[in-house]
Amino acid sequence: MSTDAMRPMSTSPSGSTARLGASLHIKGEISGNEDLHIDGSVEGLVQLDDRKLTVGASAKLTADVVAREVVVYGSVKGNLRARDRIEIKKDGSVIGDLTTARIMIEDGAYFKGSIEIDRTATKEDADDKPAYSRTGSSSSTTTAAHAAPTKSSL
């Protein structure tokens, strides 16, 4: 029995996707550190900060969502906040406000709400890498500025 109980945990790698089946109904908060595919219904909050949420075709969410990425094939009533991107597929339906860095709404999808493009998440990621080169280029610019008066004095 303990071998069977342990099997799901030992065979699921950290990058795997958890599934909430079509017959399941949850009221409350879902939070975690793995990707999640929902086919059932959820009322409340879904918080997967650094992970991907997929709302399956049969899913009905009446929930606010916070995730890295959200893909909607089913129905969502609530606000979606995704650090990276939100996709609403052709049969998907979203009633609520979207906040994300990137958005894709396919032809045939239903959306009612507002969209805010939040570039701060992408800027922070992009600024982390160039910040080091900017520091280097600042010092070379400073060196060049000091070198210019020296040449003019000669």
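Once you know that position 105 of the sequence shown is 89 in the numbering used here, the rest is easy, because the numbers rise by one and skip nothing. All residues carry an ideal CB built from backbone N, CA and C; glycine is no exception.
Out of curiosity, what's the CA-to-CA distance linking K36 and V30? Between the alpha carbons of K36 and V30 lies a distance of about 11 Å.
Please classify K74: is it buried, with 16 or more other beta-carbons within 10 angstroms of its beta-carbon, or exposed? By the neighbour-count rule (16 or more Cβ atoms within 10 Å), K74 is not buried but exposed.
Looking at the unbroken beta strand (DSSP E) that takes in K44, where does it start and where does it end? First-last of the beta strand (DSSP E) with K44: 44 to 56.
Buried or exposed for S0, going by 16 or more other Cβ atoms inside 10 Å? Answer is exposed; the Cβ neighbour count stays below 16.
Pick from S59, A2, I87: whose alpha carbon is nearest that of V26? Minimum Cα distance to V26 is reached at S59.
Using the Cα positions of A66 and I87, report the straight-line distance between them to the nearest angstrom. Using only the alpha carbons, I get a separation of about 9 Å.
Just to confirm before moving on: does the CB-CB distance between V50 and G76 stay below 7 Å? Not closer than 7 Å, so no.
Would A104 be called buried (16 or more neighbouring beta carbons within 10 Å of its own) or exposed? Sequence check: residue 104 is Thr here, not Ala. T104 counts as exposed, since fewer than 16 other beta carbons sit within 10 angstroms of its beta carbon.
On the premise that V78 lies in contact with G97, defined as a C-beta separation below 8 Å, what is that separation, rounded to the nearest angstrom? Contact holds; Cβ gap of about 7 Å.
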